[in-house]
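In our numbering, the protein residues as written are 110 to 972.
To keep things clear, I will list the structure first and then write my remarks on it.
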Amino acid sequence: MAKAEPVEIGRRLHEKEEAEKRTQRIADVLENKPKNYHVITDDSKLDAMIERLREEVRLQQKDEWFRRVFDLFNDTLIRRKLSERGIEIPLVKSLTVWDTETSGLDKMIDLSGGYSFWLPLLNEGYYVAYGHLTGEAQCTRSKALGVIRRFIEMADHIKSFHNAEYDLNIMRNDGLKPAGVRFDSQDAHWILNEHEKSHGLKPLFTKYKSMLGPEAAAMDDYTFEDLFGNESPMMYDSEIVGIYAIKDVHKGWLLTKWQIDTLVKTDDLARAYFEIRQYLPEVNTEITRTGFVIDLGRLRQLGEVYSAELEKAKRDFLDAYDIDDNFLYNMSMALKGDRIRDWCEKQQRRIDKQAEMLAKRKAEFKKANPTTKKYAQLKEWIERAESNPLIEPIPQNAPDYITEFNLSSNDHLAYLIYDHLGIKDITKQVVKDKSRSRAVSKDVLERYFEREESLKPLAKVSLYEKLLGTYIEKIPDALDVDGRLHTELNTVSTGRYSSKGYKGKPNDLFRENVTDDNFLEHIRCLVSAKEKSVPKGTNIQNIPSRNDEGLAVRKTFIPREGYTYLGSDLSSIEPRLQAHRMSVEFGDDTFAETFRKGLDSYIEFASMMFDVDRELCTEKAYKSGLINIPYRKLTKDMFLAKGYGQAEDQFVKTAVQRGITEEAARAGYAKFDVILPGFSKMVQETFAHLRKYGWTATLWGQKRRFPGYIEKYRRLCVLMKKAGIKGKDDPELGKKSRRFRTQVERNEFWDLIRFTGGCERSAFNHTIQGSGANVLQLCMIRSYYECTLARGWEFNLTLHDEQKHSVPNDQLTEEAVELYDDIMTNTVQLATPLACDTVIEPRWMEEYSPDEWDFNNCKPKGA
DNA sequence: TCTGCGTGCGCG
DNA sequence: AAAGCGCGCACGCAGA
């Protein structure tokens, strides 16, 4: 029996058992269908269903819990702000829980084939079926969607979903224009516990079941997979899918109710959720669905030019070095010697063995009878062995032997630089990570260019390889069904967004005109297509901009025909937030005052900290050669260093690289705390809060928790006491750490120092970076309502401290720019004024300030 | 052929 | 024997 067979039999058995289990579960679920679950498969029942929805809405008006909750949704700063501007977010009148069952997971292509909703006060749920492929009787798609269209599109009847962005996309694919999607139990859970391993509805429900009341306790935990395996629900009967779908919204309701109550009870979490987060699913969906038009012609052109440049740089590099057989031999032995030698030995043994066999069979062959089968077999074997001798056991034949110098291989480059050329390794002087050596990164290489001119093309090689590989060659293949480039936004630990590519179904599955007649046939296509097979979209937040070559890539992002970009970034938002905290919480107004006076705070503090005239602290003074130390940059570095908790030595090191003496750098560093005493107070108080509670929060109460910090800090205190260390800032910490008697204890000590230090830096940073994210989110929310919904501007981008819309050219006026400025600077009020830089862009990064723009002709002045 | 990791680099 | 925050992606490499 071949080895694979038992495995295969085992697999089949397991599969069969799983299938039987699923069948049993399905039978269970059908048998125990609750009386208050209603599966609708007949158009004539739809009106009665909607009547129940109306009844629920009526009941909620009079219910105390709901009225209190509506206030939470309604009573927000952003709503008041919008109201002042004549933009009304209608007052909330009801809250129901919804879900869609779909043909798949592609956010631009897939469609719903059923929806479910839960009516909390009536305590009943509905599932409407129209896309099932079982041939059974079901509702007509247009009727099923038609009856809920108005409700789904009403902003005052708010809907809760679990992962609302997905359902919003599906509903928009269905041709609906959903509004009032204002609760997302997945988002809410992120606010309650961002460390949750799994944010799916089922795992959350199972985990928190005991807190959700007796109704929850009685419910089973079957997951989608438990019932349907990996298949689409559209392949199953509406009855079973319906029960499952209703159970989902039922669970969703229990979770939603508990979450709202918990948000209210816990610290400031209701603020984080209701002031900001409740609005974001719609805003995010709008941004990610809008995407970017790409100037493909220009991108292709750029690709051609850069490919040529890359080839040239590679040639220049290789021409300078004699990469001959000898070089490759030495490199192979240096990098892969062990594996190559190993192979040679094994190969020699194989050869010896074959020779032995050959000799043996030749002897047998001599004796064999030519008429026998054995004779023929031996003959064939000997002939084959003699005509196909095993390759020689020399290094050049080993699979690991390197036959070509690869400029993308760090190992190859390191061999060339450190072994072949014998350049002295300065990695440790340049990079932060002390454990590293033989680095071939840009910053290290730059230092070698001076003595080894021929290495210079390497800088171009990595530049063009990055641009071509990550952007230029990727983007044309990553466009979605609308021909645009999209992205997926996620929330990270501080509350910022991250952006990434995503995978979907092939674009040719997209069908523009779906009718009741072709719907099921189309669903059949969608269901049978492989999920997540085609890479689409990119990270939109790291499109190059810091050098000309990269900038050219950004310039291929263009507004749609007849529109122009209007973009704005918040100027120095993080320093302003630091200044705000220092002023409001710690009574140090110095920093805030510089912003109020409209001064360049880095120049102001540069002058104070380094004892230099203001005039000498400008960028201009440095660039013009008036002075050879970039004081403004240095000061900016220092604020960053302080904000991220950088060590003094590390700051001094980079400062010295900028041309200042070590003494002056240290003096400036020390003076920082004299001039801005509130800064270190702010940092220390934040640490104290972290030590007490294990988390920190943004100005809007959005938490970041640091699991394990409190315990580990406590343990560290015990160890520090033991060694006579006064605290983490004891200047003799290193010296005193030698007092630990055992290596184990010393290791533990340093591990704790590293861990707690990491938490502390992240925790302080969170209060600033996270608040910055909140400020921009509020700007985004306001501009979603005021620009996108009210004025029809496309919402293309959010990028940490900036956002971008596309404005129809006939709307691009001075007033439009003023509105955008107002959104950026007056949506949020801090102890420091906010400032922004608003630009008009015919292409991304082809920027014109409003003074440079001819609003009458919608083009740059003088163009 | 897939997966996980290290290194390096794009962005704020 | 520590000491700059927050990300995602491409590539080489090693092991399965």
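The C-beta atom is built at its ideal place from N, Cα and C for all residues, glycine as well.
Handout entry: DSSP state of residue 946 mapped onto helix, strand, coil
Key = In this structure, residue 946 counts as strand in the three-state DSSP scheme.
Problem - residue 297 and residue 382 closer than 8 Å at C-beta - result: yes
Exercise for the section: Would you mind working out which of 456, 439, 574 sits nearest residue 511, comparing C-alpha positions? Expected result: When only C-alpha atoms are compared, the closest one is 439.
Problem - Contact set for residue 302: own chain, Cβ-Cβ below 8 Å, skip 5 residues either direction - result: 814
Handout entry: Proximal residues to residue 408 (C-beta, below 7 Å), its chain only, five neighbours per side dropped
Key = Counting only Cβ-Cβ distances below 7 Å, and skipping sequence neighbours, we find 581, 584, 585, 665.
Practice task
Apply the 10 Å Cβ neighbour rule to residue 483 and answer buried if 16 or more other Cβ atoms are within range, or exposed otherwise.
Solution key: exposed
Practice task
Tell me whether residue 87 is buried or exposed, calling it buried when 16 or more other Cβ atoms sit within 10 Å of its Cβ.
Solution key: Nothing about residue 87 can be reported from this structure: the residues present for the chain run from 110 to 972 only.
Handout entry: Euclidean distance between Cα positions of residue 143 and residue 938
Key = 52 Å
Exercise for the section: Going by CA-CA distance only, name the one from 272, 772, 826, 871 that's closest to residue 310. Expected result: 272
Problem - Paired residues, beta bridge with residue 673 - DSSP - result: 916
Handout entry: residue 693 (DSSP reduced to helix, strand or coil)
Key = helix
Handout entry: Beta-carbon proximity of residue 321 to residue 372, cut-off 8 Å
Key = Contact check for residue 321 against residue 372 fails: the beta carbons are separated by 8 Å or more.
Practice task
Kindly give me the distance between the Cβ atoms of residue 614 and residue 867, rounded to whole angstroms, as I take these residues to be in contact under 8 Å.
Solution key: So it is not a contact: roughly 41 Å between Cβ atoms.
Handout entry: Residue burial classification, residue 190 (beta-carbon count within 10 angstroms, cutoff 16)
Key = Buried, since its Cβ has 16 or more Cβ neighbours within 10 Å.
Handout entry: Where residue 174 falls, given that 16 or more other Cβ within 10 Å makes a residue buried
Key = exposed
Practice task
Please confirm if the region 635-654 is in contact with the region 603-620, defined as three or more CB-CB distances below 8 Å between the two stretches.
Solution key: yes
Exercise for the section: Assign residue 558 to buried or exposed, taking buried as 16 or more other Cβ atoms, counted over all protein chains shown, within 10 Å of its Cβ. Expected result: exposed
Handout entry: Per DSSP, the bridge partner or partners of residue 606
Key = 600
Problem - Pairwise C-alpha distance: residue 230 and residue 157 - result: Each residue's alpha carbon lies about 17 Å from the other.
Practice task
Can you check DSSP and say which residues form a bridge with residue 642?
Solution key: Partner(s): none; residue 642 has no beta bridge.
Practice task
Tell me whether the beta-carbon of residue 1014 lies closer than 8 Å to the beta-carbon of residue 811.
Solution key: Outside the shown range of the chain, which is 110 to 972, sits residue 1014, and nothing can be said about it.
Problem - Top-ranked residue by Cα proximity to residue 876, from 663, 683, 328, 618 - result: 683
Problem - Classification of residue 970 by the beta-carbon crowding that lies within 10 angstroms, buried from 16 upward - result: It counts as exposed.
Problem - Backbone CA spacing between residue 441 and residue 505 [nearest angstrom] - result: 9 Å
Exercise for the section: Would you decide whether residue 287 is buried or exposed? Buried here means 16 or more other CB atoms lie within 10 Å of its CB. Expected result: buried
Handout entry: Contact between the region 225-243 and the region 923-943 (3+ Cβ pairs under 8 Å)
Key = no
Problem - For residue 327, the nearest candidate out of 936, 141, 406, 149 (CA to CA) - result: 141
Practice task
My understanding is that residue 317 touches residue 677, with C-beta atoms under 8 Å, so please give their C-beta distance in whole angstroms.
Solution key: Between residue 677 and residue 317 the Cβ distance is about 41 Å, and since that is not below 8 Å, they are no contact.
Handout entry: Inter-residue Cα distance where the pair is residue 965 and residue 616
Key = 40 Å
Practice task
Kindly indicate which residue of 661, 967, 842 has the alpha-carbon position closest to the one of residue 919.
Solution key: Checked all of 661, 967, 842; the closest Cα to residue 919 is 967.
Handout entry: Check whether residue 818 and residue 842 have beta carbons under 8 Å apart
Key = no
Handout entry: Pairwise C-alpha distance: residue 641 and residue 125
Key = 26 Å
Exercise for the section: Identify the continuous beta strand (DSSP E) that holds residue 814 and give its terminal residues. Expected result: 812-814
Problem - residue 387 burial status per 10 Å Cβ neighbour count (16 or more: buried) - result: buried
Handout entry: Neighbourhood of residue 693 by C-beta, 6 Å cutoff - its chain only, sequence neighbours within 5 removed
Key = 940
Exercise for the section: List the whole-angstrom C-beta distance separating residue 205 from residue 279, where the pair is believed to meet the contact cut-off of C-beta under 8 Å. Expected result: Contact between residue 205 and residue 279 fails: their C-beta atoms lie close to 17 Å from each other, not under 8 Å.
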